[in-house]
Each structure stands twice: as C-alpha cells, then as structure tokens.
Amino acid sequence: MDKEKLEAYHRENIRLITVLLIIWFLVSYVGVLLAKPLSKLTIFGFPAHYWVSAQLSVITFVVLIFVYAYAMNRIDQKYGVEE
Amino acid sequence: MEQFIGYIIVFGIVILFMAIAIYNRATEAAEFYVAGRRIPAFWNGMAVAADWMSAASFISMAGALYALGYDGLAYIMGWTGGYVLLALLIAPYLRKFGKFTVPDFIAERYESNFARLVALITAIIISFTYMVGQIAGVGIIMGRLFGVSFEVGIAIGMIIIIATTVLGGMKSITWTQVAQYIVLITAYLLPVSILATQWFGVPLPQFLYGQVLQNIVELETQYGITPHYVEPFHKFNLAQFLALTFVLMAGTAALPHVLMRFFTTPSVRDARVSAGWALFFIAILYLTAPAYAAFARFVILKDVVGKPIDQLPAWAQKWAETGLFKVIDKNGDGIIQWAELNIHRDIVVLATPEIAGLAAVVGFFVMAGGLAAALSTADGLLLVIAAAISNDLYAKMIDPNAPEKKVVLLGKIAVAVAGVIGGFIAAQKIAFIVQIVAWAFSLATASFFPALVLGVFWKRLNRQGAIAGLVVGLLVTIAYIYLNKYQGISFFGIQHTASGLFGLIANLIVTVIVTMMTPPPSERIQKLVEELRYPKKIHEV
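Protein chains in written order, with this note's numbering: chain A, 29 to 111; chain B, 640 to 1180.
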C-alpha cells in the first residue's frame, strides 16, 4: 500500500475524531458552564440546565459513538484498510 | 414469610449466575482472559455494560444525586461521556494491538519490562480501589437482607464474590454478565416505573420526572429547605463539577478492566461498535438514575418529613439495624424535620421501594439487582488483578516456561487473597461508594489515560517520558487525595474525588519534558505505532 494513501486515511480519522469531540465538549462542559442562565428556562417540563446535563448529553454520547463506528467503517473501505 | 421470599429471590439469582459460570467454565489462558476473541459486538456491549455498572452506578449513584441535586450530574456525564473517549481514542487501537492486557500494551509500546511492572502495579492499585467499593455495596445488601451489621454483611459478600470469580474466567463471565445485565436493569427500572405509573399513568419515569423536580422544589419551599435540589453549584463549585466530570470521563476510557473487554471482540470494527452498544445499555440506567433520585427525594419529603417520629413505618427499624439510617428528634417536638433525618446516601436506592410503600418483593428484587451489579464488576476487577499477577508478573517476568494450568491456578489464588484484603478495607467505611470508586478513576486518569492516548497518537513518546509521567501522575493524585480528605487542603475548591486532574497535569508536563530530553523510540516501535492506525495488517512489526 502506498504511504500517501495511508497518511490520508489517518488524517481523515483525526478530522472525524476532532469534529465529534467538539460536539462532545459542547453538550457536556459548555452545557455546565451555561447552567446558571439555562436554569431560568424549561424544556419538556424540566429546568433546562438539568435536562441538558441529565439527558441531552448522555443521549448525544451514545449517538456520537455509533456515528464514529459507522463513518470509520466506511472510511476503512474507501482506503481498503478494513480487515 | 417475607424474609423467606427475600432469600429466595436474592439467592436464586446468585445461584443462577454461578450455574452459568460453571456451565461455561474456562481452563485455557486465552479462554480465561479474553474468551478466545469470539464475542459478538452486541453481546460484548451488554457484558461491558454489566461489568461497568457497579455498586457505584446501581447502589450509590442515585443516592449521590439525591444528596447533591444538580451537582450530582457530574457523575452521570462523567461515567457516560468517557465512552466517547474510549471509542474514539483508545479501544480500536488496542484491539488492533491484539494482546491480553493493558500492561501488555505498555510493555511493548515502551519497550521495557520495567514499564510492564509499573503498569501492572498501577492496574492492581486501580482495580483494587474500585473493588473495595463493590464489596461495600454487597455488605450493605447482605446487612439489610440478614438483619446484620454492615461489617458482617461484608464478610458474607466477600465469600460470594470470590466463589463466583474463581469458578470461571472471562468466557463464563461474558455470559454470566449478559444475565447479570438483564437482572440489574430490570431491577433498577421496576420501582421507578411502578411509581411513574401510579403517579402519571405511564411507566416512563425518564421523561416524566421533570414534574417531580418541580414538586420537590414546592415541598422544599414549604419546609424552608435551601438551596433547592435543582439549583446548580451549591455542593460542588464550578471547578469541582468540571474537574470531577473530566476525571470520571478520562478514567472510564483508561480503566484496565473495561479495556480488557475490547480485546475480546473479533475485529477492530467490532471493537468500535461494541463501545456503542456498551454505552447504549449503560445509558438506559444512567437516564433513569436522576429519575430514581428525584422520586426518592420526593417520597421522603412527602411521606417522611413532617410526620410524627413515633409513627415511623417498619422499614425504618430494619435499616436502623444496619447502622446506616438514623432519626434524631433534635428539637424534641416529636415531628421529623429534614435536618433530623440521617440517611446514608448508599441506602437510598435500596430503601426507596420500601419507603414508597411498594410490595416487599420489589425491594428484594432491587437488592438482587444491586448484588448483580456489584458481583459482575468485582468479577471483572478480580480478573484484572489475577491477570496482572499470573499472566504479566509470573508467566512473563518470573517463569516464562510455567505450564498454563499453573498460571491459571496462580490467578485463582490471587483472586482469593485480593478479595479478602478488599473486604477488610471496605469494612472501615472510609467514604461513600461513589467516592471510593471516583478515586480509582482519578488514578486511572493520571496514569493510564495519557500513557495510552499519547502512546497511540504520539510516535515520538518514549519509554523514559511515559514511565516518569505515569509515576509522577500517580504520586500527585494519591498525595492530593490524602491532603484534601485528611488535611482539608484544596486548590480552586477541587475535592479529593477529582484529584486525578492534578495528577494528569503533572503527568503531561513530566511526560513531554522527559521525552524531549531523551532520544526517540526505536524504528520498530515507531512502525508499531503507525501500524495501530489501520485495522488491516499493513507491515510486519
């Protein structure tokens, strides 16, 4: 396999990881930083800050991992590095 | 009669687990440790979920939320968000690496048996700390079940834990854990679903507890209890909240007993998907825990606070016997005040069904679920300790020609010894279960997390940098736990539970400086690190 193609595969992996970790950071840490202002609002009958940290974040984490697995499996095939 | 039903439910389930363990027992090393790498992603995910969700998640977490309110959500986010780091940064690469344990990886990546020794001592410290929390959980359940003290409960729990682990290995554990997951999730959902149906007509507590949160605030206002349950940052300040969340996440990604499960999948692809399933099954409990906590708080405010002290129902007496529940009428008015109620956080989950007046069977079922959670995790942890001593230390460093039977036997002896010592420490009641467990996560954050992530993504990282960083990280973390818990010293209001943050920072600084001052790793290792990136074999290394 040629080296350039392998490097490109690695860069694509890193880019995907970076994007997903930014989302991960937003729903968890940024959500907490905004807890005070969010606590004035209500979502689905919950105080908004409580809902963001207790539900939105957890559900997003699950989705992120499946998105990563799905996207990486496709990238593996694109570069022909799948097992 | 009621007691008798309790024994049948709780022990029936333990016997079921043992039967599955014996039926699937393993004798070869590859079978004992990684189940011959034949476990499909979905089932592996479920087994990881059972392995992961320990006494801390099941017994202690909702109790922490009950006491901490919004601030307790650091535990919820920390213990789920870590799977994102695990799935994106660590698990697929370690699966590609393809050995048995985390110390195997550390030894190979950092080309040294000394690194292996440091790694396996670290793995033992982390797993052992975590296990002490599990034994404490079993102790509470046994105490309540037999009407004995917490300490006697621990002695009983210890025997059960050792027996289930020694009987089988990882393969038996994988299928036992699938059964344990089903039991524990059903047990956890049952009481809150019944209560949600009674109150709202729909068994979906996860979506309906917003209403309960509002009711709690109303009752708290009525009794003059402040600050309110949902108010952010009154038990933890912002720094502690963020630090604890991060430490739990990074620790999750680097916990040796969880990582070991990703060595069991048939391929890199399966390792990625497995992590998704694991978090899916975990999230079911983690989305329910805040509902459980809110229901508990509401029921106690509604049915216990403000009632005459001499009319306390039967459950109060039963829990008082374990030494974990007390009511003292401080102002002598014969009425229970919120401030007069001393409920040990770790009994909240187990006692809520009784407090809410649900059938006794429900309470026993919850105890069985808590037992399943504690046993399944203790199994996995003991296995890491066994693997570290028999596979890493003995077979690889002391006697490479040892027959496999002897190695497996040595692992079983290690299990028994570690279990007994853990029991004695748990009996000291040094902290709440979630706190003891948080120490284990802090230790993992400060030691394995950088050694693994940088080991995969930073080719230049060498042996000297990694070992120096790991040792410094561990020492700083242990020192901060001690200084904060016993000397009351703290920086930025960060508590002992999040001590790993300081350890991690120290580790990173030392790792980078030492690595840059010493030569890069060998050509072979740089090739190996590149090789980890690709699921398919590219070069021979």
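Note that beta-carbon positions come from the ideal geometry of N, C-alpha and C, so glycine has one too.
These numbers come from a predicted model, not from an experiment.
If you measure from the beta carbon of residue i to each beta carbon in chain A, is any gap under 8 Å?
{"i": "K810(B)", "result": "Legend: pLDDT at K810(B) = 49, less than 50; position of this residue unreliable, no value from coordinates given."}
{"i": "V943(B)", "result": "no"}
{"i": "I1177(B)", "result": "yes"}
{"i": "P842(B)", "result": "no"}
{"i": "I855(B)", "result": "no"}
{"i": "S699(B)", "result": "no"}
{"i": "P929(B)", "result": "yes"}
{"i": "S832(B)", "result": "no"}
{"i": "M716(B)", "result": "yes"}
{"i": "Y1205(B)", "result": "In this structure chain B extends from 640 to 1180, so residue 1205(B) is not present and cannot be described."}
{"i": "V907(B)", "result": "yes"}
{"i": "T1157(B)", "result": "no"}
{"i": "A726(B)", "result": "yes"}
{"i": "P866(B)", "result": "no"}
{"i": "Q850(B)", "result": "yes"}
{"i": "L1091(B)", "result": "no"}
{"i": "V1168(B)", "result": "no"}
{"i": "R1172(B)", "result": "yes"}
{"i": "V723(B)", "result": "yes"}
Residue i CB to nearest chain B CB: under 8 Å?
{"i": "P120(A)", "result": "Residue 120(A) falls outside the range modelled here, since chain A spans only 29 to 111, and no answer is possible."}
{"i": "L48(A)", "result": "yes"}
{"i": "L84(A)", "result": "no"}
{"i": "V109(A)", "result": "yes"}
{"i": "V58(A)", "result": "no"}
{"i": "A36(A)", "result": "no"}
{"i": "D104(A)", "result": "yes"}
{"i": "D30(A)", "result": "no"}
{"i": "I45(A)", "result": "yes"}
Does the separation of the CB atoms of residue i and residue j fall below 8 Å?
{"i": "T740(B)", "j": "D1031(B)", "result": "yes"}
{"i": "V1115(B)", "j": "F1088(B)", "result": "no"}
{"i": "M700(B)", "j": "Y722(B)", "result": "no"}
{"i": "A695(B)", "j": "I1072(B)", "result": "yes"}
{"i": "W954(B)", "j": "A1007(B)", "result": "no"}
{"i": "E750(B)", "j": "S1161(B)", "result": "yes"}
{"i": "A889(B)", "j": "L724(B)", "result": "yes"}
{"i": "V856(B)", "j": "Y848(B)", "result": "no"}
{"i": "R1163(B)", "j": "A703(B)", "result": "no"}
{"i": "A914(B)", "j": "I103(A)", "result": "no"}
{"i": "R734(B)", "j": "T891(B)", "result": "no"}
{"i": "L712(B)", "j": "A82(A)", "result": "yes"}
{"i": "T804(B)", "j": "D1018(B)", "result": "yes"}
{"i": "L828(B)", "j": "A1027(B)", "result": "no"}
{"i": "E979(B)", "j": "V988(B)", "result": "no"}
{"i": "A762(B)", "j": "V1076(B)", "result": "no"}
{"i": "A1079(B)", "j": "T865(B)", "result": "no"}
{"i": "W977(B)", "j": "G684(B)", "result": "no"}
Which residue marks the beginning of the alpha helix (DSSP H) containing residue i, and which one marks its end?
{"i": "I1064(B)", "result": "E1043 to A1065"}
{"i": "V91(A)", "result": "S85 to Y107"}
{"i": "K874(B)", "result": "Here K874(B) belongs to no alpha helix (DSSP H), and DSSP marks it neither H nor E."}
{"i": "K1166(B)", "result": "E1162 to L1171"}
{"i": "V966(B)", "result": "It is not in any alpha helix (DSSP H) - V966(B) instead sits in the beta strand (DSSP E) that spans F964 to V966."}
{"i": "I1177(B)", "result": "I1177(B) -> no alpha helix (DSSP H), and no H or E assigned at all."}
{"i": "Q586(B)", "result": "This structure gives no information on residue 586(B), because the portion of chain B shown stretches from 640 to 1180."}
Could you tell me which chain A residues have their CB closer than 9 Å to the CB of residue i, listed as they occur along the chain?
{"i": "V912(B)", "result": "I93, F94, A97, Y98 and N101"}
{"i": "A695(B)", "result": "Result: empty, since nearest Cβ-Cβ is about 16 Å, beyond 9 Å."}
{"i": "S788(B)", "result": "Near S788(B) there are no residues of chain A at all, since even the closest Cβ is about 35 Å away, more than 9 Å."}
{"i": "R755(B)", "result": "None at all; the shortest Cβ gap to chain A is about 28 Å."}
{"i": "I652(B)", "result": "Correct list: empty, because the minimum Cβ distance to chain A is about 27 Å."}
{"i": "T1084(B)", "result": "Residues of chain A passing the Cβ test: none, with the nearest at roughly 15 Å."}
{"i": "Y709(B)", "result": "A63, S67, P75, H77, Y78, S81 and A82"}
With a cut-off of 8 Å on the beta carbons, I'd call residue i and residue j a contact; round off their distance for me.
{"i": "A1012(B)", "j": "S693(B)", "result": "6 Å"}
{"i": "I948(B)", "j": "I974(B)", "result": "7 Å"}
{"i": "M899(B)", "j": "L806(B)", "result": "About 19 Å; that fails the 8 Å criterion."}
{"i": "F697(B)", "j": "L852(B)", "result": "About 22 Å separates the two Cβ atoms, so there is no contact after all."}
{"i": "A1066(B)", "j": "I793(B)", "result": "5 Å"}
List the endpoints of the continuous beta strand (DSSP E) containing residue i.
{"i": "I982(B)", "result": "L980 to I982"}
Could you work out which residues of chain A lie near residue i, taking near to mean beta carbons separated by less than 7 Å?
{"i": "L881(B)", "result": "Y57 and V60"}
{"i": "F919(B)", "result": "V90"}
{"i": "T719(B)", "result": "V86 and F89"}
{"i": "L712(B)", "result": "S81 and A82"}
Against residue i, what residues of chain B qualify as contacts under a CB-to-CB distance less than 7 Å, listed in chain order?
{"i": "K64(A)", "result": "P871"}
List the residues of chain A that residue i touches, going by C-beta distances under 8 Å, in chain order.
{"i": "R748(B)", "result": "The premise fails here: R748(B) is roughly 18 Å from chain A at the closest Cβ pair, so nothing lies under 8 Å."}
{"i": "V988(B)", "result": "Those within 8 Å of V988(B) in chain A number zero; the least Cβ separation is about 17 Å."}
{"i": "L926(B)", "result": "A82, Q83, V86 and I87"}
{"i": "Q837(B)", "result": "By Cβ distance, chain A contributes nothing, its closest Cβ being about 18 Å from Q837(B), past 8 Å."}
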